[in-house]
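**Student:** In terms of our numbering, the sequence shown opens at residue 7 and continues consecutively.
Here's a structure for you.
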Amino acid sequence: MIFVEPRAVTRWYHEWLAVLVALILTLLTASVLLAAIGLDPLSSLHRIFIKPLNSVYGISELLAKATPLITIGVALALGFRAGVWNIGAEGQLVMGGLCGGAVALAFWGVDGFWVMPLVLLGGTIGGLFWGAIPAFLKVRFNANEILVSLMLTYVAILLLSVMVHGPLRDPDGFNFPESRLFHDAATLPKLFSAGRGHLGFVFAIAFAIVGTWIVKRWHLGFEMRVTGLSASAAKFAGYSRDRTVWMALLMGGAISGFAGVVEVTGNIGQLVPTISPSYGFTAIIVAFLARLHPLAV
């Protein structure tokens, strides 16, 4: 009989070996499924993983899609490490895009280097505010942050729809539910001559680096880690659970809101009813695949 037991002592390479084995098993499983539906596994996997890297356009599109996932993944990894389950990053992204887009439209036609920072700040504040709601309800009434943040996602999506069908709709847009195109001063510059890759990817990498510093070097980052590992140990050490909740949800909301405004000013260029194909939910998977390590996201 075969028994599976956890190792009493683990080596540094065991974690990497586990990731490698998981990757190999994933590729084998995908190959079997592709073969089962009549496709050549090797050519299909080549088309998925290798072909996008063979052209500037493919790399640019890859970076454009990775930007919101990296940014939000870092935000969620920080919160999950603290034991605060922010499932509403999608709504915080939408609110960031809506608020940042509203600022961009308010300064439509205005040239100036200061317009873009204001737009980014507006989106960040929008996401931060949306993250503050579940934080307040959790601290004040012990409301479940999973349910509150998740339900607020649908409120944000409906609010965006109302705004693009009403006050923010392009007056010259033939009644389509979308805003006018953002002015050049409120649009993030592209990184390549082809594709949609933009400056937001640089911001995403910066967030991953800063997130790692928060986890490894900052005192409040250590406090969040301890609280996530053991609430009783954190209480014994004098750490405030309420402060951890506020920190996790405010950081998560602000960074997710930043991802939203980057998405509308970098990839889309205007406000539309749907600005995210569930990036906020997919980023939950990304965060856990990275083992909640910001740099691995």
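The beta-carbon is built from N, C-alpha and C at its ideal position, and this holds for glycine as well.
Rounded to whole angstroms, how far is the Cβ of A254 from the Cβ of V90, which I believe are closer than 8 Å?
**Tutor:** About 4 Å separates the two Cβ atoms, so the contact holds.
**Student:** Say whether the region 219-236 touches the region 96-105, bearing in mind that this needs 3 or more beta-carbon pairs closer than 8 Å, one atom from each stretch.
**Tutor:** no
**Student:** Going by DSSP, what residues sit across from H204 in a beta bridge?
**Tutor:** Answer is K196.
**Student:** Which residue from L29, F113, L256, F264 puts its Cα closest to that of G129?
**Tutor:** F264
**Student:** Measuring alpha carbon to alpha carbon, tell me which residue in H20, S66, L34, L26 is nearest K196.
**Tutor:** With distances taken between Cα atoms, K196 lies closest to S66.
**Student:** When you compare only the Cα positions, how much space is there between V216 and Q276?
**Tutor:** 29 Å
**Student:** Take every Cβ of the region 217-228, pair it with every Cβ of the region 119-126, and state whether three or more of those distances are shorter than 8 Å.
**Tutor:** no
**Student:** Just to check my reading of the structure: G203 and L69 have Cβ atoms closer than 8 Å, yes? What is that Cβ distance to the nearest angstrom?
**Tutor:** 4 Å
**Student:** Is the beta carbon of L143 closer than 8 Å to that of T218?
**Tutor:** no
**Student:** Would you check if there are 3 or more beta carbon pairs closer than 8 Å linking the region 173-188 to the region 41-49?
**Tutor:** no
**Student:** Please give the ranges of any alpha helix (DSSP H) in the region 156-241, keeping only runs that are unbroken, at least 4 residues long and fully inside the region.
**Tutor:** 206-222, 225-235
**Student:** With three or more C-beta pairs closer than 8 Å as the rule, is the region 258-272 touching the region 75-82?
**Tutor:** yes
**Student:** So, using beta-carbon positions, are G85 and G286 closer together than 8 Å?
**Tutor:** No, the pair does not count as a contact, with Cβ atoms beyond the cut-off.
**Student:** Please return the same chain residues whose Cβ sits closer than 7 Å to the Cβ of T271, not counting the five positions on each side in sequence.
**Tutor:** Only residues of its own chain outside the window of five on either side were considered, and among them G106, A110, V125, F188, A192, T193, L194 have a CB closer than 7 Å to the CB of T271, listed in chain order.
**Student:** Distance check for H171 and V25, CA to CA, integer angstroms please.
**Tutor:** Going from the Cα of V25 to the Cα of H171 covers about 46 Å.
**Student:** With 16 as the cutoff for other CB atoms within 10 Å, does F209 come out buried or exposed?
**Tutor:** buried
**Student:** Do V303 and A83 have their C-beta atoms within less than 8 Å of each other?
**Tutor:** yes
**Student:** For the ligand MN, is there any heavy atom lying closer than 7 Å to the beta carbon of L127?
**Tutor:** The model on display carries no ligand, and the ligand MN is accordingly not part of it.
**Student:** Nearest to L127 by CA position, among R175, V116, V268, is which residue?
**Tutor:** V268
**Student:** Run through DSSP, which three-state label would R249 get?
**Tutor:** Annotated three-state conformation of R249 is helix, per DSSP.
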